[in-house]
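Everything below concerns the one structure shown next.
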Amino acid sequence: MRARAAPTQPTFTDGSLMAIYGIGTDIIQVSRVAAVMERTNGRFAPRVLGPDELAVYEARKARSAARGLAYLCTRFSAKEAFSKAIGLGMHMPMTWRAMQTLNEPGGRPVIVASGELAQWLDERGITARVSITDEHDYAVSFVIAETSR
9 MRARAAPTQP
19 TFTDGSLMAI
29 YGIGTDIIQV
39 SRVAAVMERT
49 NGRFAPRVLG
59 PDELAVYEAR
69 KARSAARGLA
79 YLCTRFSAKE
89 AFSKAIGLGM
99 HMPMTWRAMQ
109 TLNEPGGRPV
119 IVASGELAQW
129 LDERGITARV
139 SITDEHDYAV
149 SFVIAETSR
């Protein structure tokens, strides 16, 4: 009989134990966001995107309207999934612009919080991981919120 290695509990990079705080997912139909953008004369994007996201959106939109729309959809979907994972929905301190999904140099999406939301997350020891994808008709996001407490 072979000895089995004891299962290890996931840890953060500092060695502390982590636990799942919440999970959120969202799917959005690209055509619905396009309709909202048309109805609001483009004001929807600056209302929901944080400043860094908005800069990337504008650059992508300038190169290709479809790429800009896809970016907007993935970021909106990530905000919805994140709000579900942390259990707040769209209630303070969770606001559209306080949570941004940015990309590391290698392309990996990361969640960046600011203001009261960042403080709320820090007080609870919550970090989050996000996965996003889009196709012609849909954008999908999945978020796992973790805590060390």
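Going by the numbering used here, the sequence shown opens with residue 9, and the numbers climb by one from there.
Ideal placement from N, C-alpha and C gives every residue a C-beta, glycine not left out.
DSSP places glutamate 154 inside the beta strand (DSSP E), whose first and last residues are 146 to 155. By the Cβ-count criterion, isoleucine 28 is exposed, with fewer than 16 other Cβ atoms from all chains shown falling within 10 Å of its own Cβ. Residue burial annotation: methionine 107 is buried, with at least 16 other C-beta atoms found within 10 angstroms of its C-beta. The alpha-carbon of valine 148 is positioned some 14 Å away from that of alanine 93. If the five residues before and after tyrosine 79 are omitted, its C-beta is found closer than 6 Å to the C-beta atoms of Tyr65, Arg68, all from its own chain and listed in chain order.
Residue ranges of uninterrupted beta strand (DSSP E) with 3 or more members, entirely inside the segment 19 to 96 and ordered along the chain, are 27 to 37. Counted as a single uninterrupted DSSP element, the alpha helix (DSSP H) harbouring alanine 126 occupies residues 123 to 132.
Within the same chain, and ignoring the five residues on either side of isoleucine 134 in sequence, the residues whose Cβ sits closer than 6 Å to its Cβ are Tyr29, Ala153, Thr155. Residue environment for glycine 76: buried (at least 16 other C-beta atoms within 10 angstroms of its C-beta).
For serine 91, same chain residues with a beta-carbon under 6 Å away, outside a window of 5 residues either side, are Gly97, Met98, Met102 in chain order.
For alanine 42 and glycine 95, the gap between their C-alpha atoms comes out near 28 Å. Distance from the CA of threonine 33 to the CA of serine 85, rounded to the nearest whole angstrom, comes to 8 Å.
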